[in-house]
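**Student:** Residue numbers (the numbering used here): 382 to 870. By construction, the Cβ of each residue, glycine as well, lies at the ideal position given by its N, Cα and C atoms. I am attaching a structure below and will ask some questions about it afterwards.
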């Protein structure tokens with residue numbers, strides 16, 4: 382895999398948004414929520430662990446529930462046919478005049494050109510999808526473009542992936558076409574000529590002083606406008622995304638991690654990202670980067686602030702196993718060659734592959750991190766594509782930081798899910814419904830975006846709530862609530 386739609390009426394959209402807003406505010410009772418979660422047969426984890434960094438024994442109780450049964454982002458609320466694999470983008474959707482705090486997502490988007498039959502859509506393989514992108518860029522379309530690869534596809538194609546920012550609008554609808562702008566696309570650089578995919582976004586409170594930021598700041602200062610744009614926002618958003626290209630001598634496609642920066646002080650709506658290019662040049666395949674920022678180490682070095690031992694942060698990446706790179710300045714990265722997690726043999730849900738999810742989040746004990754990861758296992762479940770034999774599920778791990786703050790040390794896994802906390806069940810996740818835009822891949826749920834809602838601490842216990850944005854069937858986005866309860870013995 383490389384890569385029940387329904388347009389709600391106004392009343393449904395109002396009700397749906399109210400539920401999402403209620404969850405964001407944390408007004409639903411925790412006991413009622415978890416009781417509902419268990420009653421509906423969703424996975425629940427209440428596991429013991431030995432030690433965490435030398436601290437007392439702890440129990441992590443991790444649960445997930447869908448907030449809505451229907452998707453919150455479809456082609457009805459976007460300018461693109463397919464909207465999936467979305468990262469939460471903080472600090473972009475809310476201005477000082479906004480009465481409703483809007484969330485924004487960085488969304489992998491693709492457009493379908495009419496002519497490809499529904500049955501053929503479901504048989505698109507990862508290589509075929511990439512072939513579509515290549516032929517699209519070369520100006521070739523229709524059945525002639527497909528005959529060398531997939532003669533049964535017929536006329537039509539799905540274009541290459543781009544990344545758009547899509548923001549909530551108001552209480553009328555969760556997201557809106559009017560609040561959509563493309564930020565990363567194939568035409569911007571040769572190294573991503575076949576597509577930009579699968580974003581993850583983190584925020585640094587301190588700006589990264591690149592030459593481009595200095596240039597933009599100087600241009601604003603010299604602007605002839607009597608009122609140059611002012612913003613109270615500061616810091617930098619870092620987007621780790623997959624750049625797809627056809628660079629090998631034998632024509633094989635490469636997919637590599639690349640970095641883009643949004644400098645909030647000069648670009649508060651993140652319409653013009655600074656492209657930094659591939660960050661792990663020695664790897665021909667390096668997808669899905671989730672940055673673990675150590676909070677006490679999050680300020681990048683400045684001219685008047687130096688350290689004998691620069692602080693280390695950890696980039697978790699990979700779509701087979703999960704590997705670790707380190708950085709001290711968020712611009713250059715050291716591939717440690719170390720593996721954080723590997724697949725597990727059957728009957729585990731992550732026996733075929735594992736892939737990094739959203740950036741890990743620090744929990745209320747101030748030392749553990751929750752890390753969501755995507756996974757796949759081989760299954761024999763009937764679906765529209767007879768050649769597709771995988772099911773994607775969501776797992777989690779609890780991570781602890783190394784005590785040694787050096788580039789060679791990596792985090793450790795102190796607890797890992799035995800069962801998935803989210804599996805494809807609904808029609809728009811399994812791709813078994815025929816309404817609306819068909820999904821590109823059956824039996825897929827996949828997570829790249831997560832937003833903290835609340836953290837609380839009392840005596841030896843703590844509770845962390847997160848809003849999780851997940852996609853179904855490589856087509857549309859849903860939303861769920863992740864709860865992590867921490868109990869110390």
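Is there contact between the region 699–716 and the region 725–732, where contact requires at least three CB pairs shorter than 8 Å?
**Tutor:** These segments do not touch.
**Student:** I need the straight-line Cα distance from residue 761 to residue 585, nearest angstrom please.
**Tutor:** Approximately 44 Å, taken between the alpha carbons.
**Student:** At a cut of 8 Å, does the region 775–784 reach the region 613–623 through at least three beta carbon pairs?
**Tutor:** No, the region 775–784 is not in contact with the region 613–623.
**Student:** Does the distance from the C-beta atom of residue 444 to that of residue 802 stay below 8 Å?
**Tutor:** Yes, these two residues count as a Cβ contact at 8 Å.
**Student:** Runs of 3 residues minimum, wholly inside the region 648–674: which ones carry the beta strand (DSSP E) assignment?
**Tutor:** The region 648–674 contains these whole beta strand (DSSP E) runs: 655–659, 670–673.
**Student:** Residue 840 by DSSP, collapsed to three states: which one?
**Tutor:** Correct three-state label for residue 840: coil.
**Student:** May I have the straight-line CA-CA distance separating residue 808 from residue 824, to the nearest angstrom?
**Tutor:** Between residue 808 and residue 824, the C-alpha separation is close to 9 Å.
**Student:** Beta-carbon within less than 8 Å of residue 835's beta-carbon, same chain only, minus the 5 sequence neighbours each way: which residues are those?
**Tutor:** Closer than 8 Å at the Cβ level, and outside the excluded window around residue 835, lie 407, 844, 845, 846.
**Student:** On the DSSP bridge list, what partners appear for residue 754?
**Tutor:** Residue 754 pairs with 737, 776.
**Student:** Distance check for residue 473 and residue 868, CA to CA, integer angstroms please.
**Tutor:** Distance between the alpha carbons of residue 868 and residue 473 is about 35 Å.
**Student:** Drop a sphere of 10 angstroms on the beta-carbon of residue 562, count the other beta-carbons inside from all chains shown, and report buried for 16 or more, exposed for fewer.
**Tutor:** Classification of residue 562: exposed, given that the 10 Å Cβ count is below 16.
**Student:** Am I right that residue 595 and residue 623 are in contact with their C-beta atoms under 8 Å? What's the rounded C-beta distance?
**Tutor:** Between residue 623 and residue 595 the Cβ distance is about 29 Å, and since that is not below 8 Å, they are no contact.
**Student:** For residue 858, which option in 483, 488, 446 has the closest C-alpha, if you only look at C-alpha atoms?
**Tutor:** It is 488 whose Cα lies nearest to the Cα of residue 858.
**Student:** So is residue 490 buried or exposed if we call it buried at 16+ other beta carbons inside 10 Å?
**Tutor:** Under this definition residue 490 is a buried residue.
**Student:** Less than 8 Å between the beta carbons of residue 738 and residue 675, yes or no?
**Tutor:** No, they are not a contact pair.
**Student:** May I ask which residues mark the beginning and end of the beta strand (DSSP E) holding residue 559?
**Tutor:** Segment 556–565, the beta strand (DSSP E) holding residue 559.
**Student:** Tell me where the beta strand (DSSP E) around residue 623 begins and ends.
**Tutor:** Looking at the DSSP string, the run of the beta strand (DSSP E) that includes residue 623 is 617–626.
**Student:** My output table needs one value for residue 719: the three-state DSSP class, helix, strand or coil.
**Tutor:** In the structure shown, residue 719 sits in a strand (DSSP, three-state: E or B).
**Student:** Please list, in chain order, all residues of the same chain as residue 663 whose beta carbon is under 8 Å from its beta carbon, the five residues on each side excluded.
**Tutor:** Cβ within range, chain order: 716.
**Student:** For residue 456, which of helix, strand or coil comes out of DSSP?
**Tutor:** The answer is helix: DSSP assigns residue 456 an H, G or I state.
**Student:** With DSSP as the reference, identify every bridge partner of residue 867, one or two as the case may be.
**Tutor:** In DSSP, residue 867 forms a bridge with 441, 843.
**Student:** Quick check on the burial criterion: 16 or more other C-beta atoms within 10 angstroms. Buried or exposed for residue 841?
**Tutor:** Exposed, since its Cβ has fewer than 16 Cβ neighbours within 10 Å.
**Student:** Am I right that residue 459 and residue 558 are in contact with their C-beta atoms under 8 Å? What's the rounded C-beta distance?
**Tutor:** With 8 Å as the limit, residue 459 and residue 558 qualify as a contact, their Cβ atoms being about 6 Å apart.
**Student:** Can you tell me where the beta strand (DSSP E) with residue 593 in it begins and where it stops?
**Tutor:** Element bounds for residue 593: not the beta strand (DSSP E) but the alpha helix (DSSP H), 592–602.
**Student:** If we ignore side chains and look at the alpha-carbon of each, how far apart do residue 703 and residue 794 end up?
**Tutor:** So the two alpha carbons sit approximately 12 Å from each other.
**Student:** Taking the alpha helix (DSSP H) that residue 811 falls in, what are its first and last residues?
**Tutor:** Where residue 811 is concerned, the enclosing alpha helix (DSSP H) stretches over 808–811.
**Student:** By the DSSP assignment, the beta strand (DSSP E) with residue 543 in it spans what residues?
**Tutor:** Per DSSP, residue 543 belongs to the beta strand (DSSP E) from 543–549.
**Student:** Can you grab the Cα-Cα spacing for the pair residue 504 / residue 593, in whole Å?
**Tutor:** Caution applies to residue 504, whose pLDDT of 47 falls short of 50 and renders its modelled position unreliable; the value that the coordinates give is listed next. Going by the C-alpha atoms only, they are around 44 Å apart.
**Student:** Since I believe residue 564 is in contact with residue 542 (beta carbons under 8 Å), could you give me their beta-carbon distance rounded to a whole number of angstroms?
**Tutor:** Contact flag wrong, Cβ pair sits at about 13 Å.
**Student:** Classify residue 756 as buried or exposed, calling it buried when 16 or more other Cβ atoms lie within 10 Å of its own Cβ.
**Tutor:** Residue 756 comes out buried.
**Student:** Under the rule that 16 or more other beta-carbon atoms within 10 Å means buried, what is residue 852, buried or exposed?
**Tutor:** Its Cβ being crowded by 16 or more others within 10 Å, residue 852 is buried.
**Student:** Starting from the C-beta of residue 518, find all residues in its chain whose C-beta is less than 6 Å away, skip the five residues before and the five after it, and write them out in chain order.
**Tutor:** Confidence is the limiting factor: at residue 518 the pLDDT is only 33, short of 50, which leaves the residue's position unreliable, though a coordinate-based value still follows. Excluding sequence neighbours, residue 518 sits near nothing in its chain.
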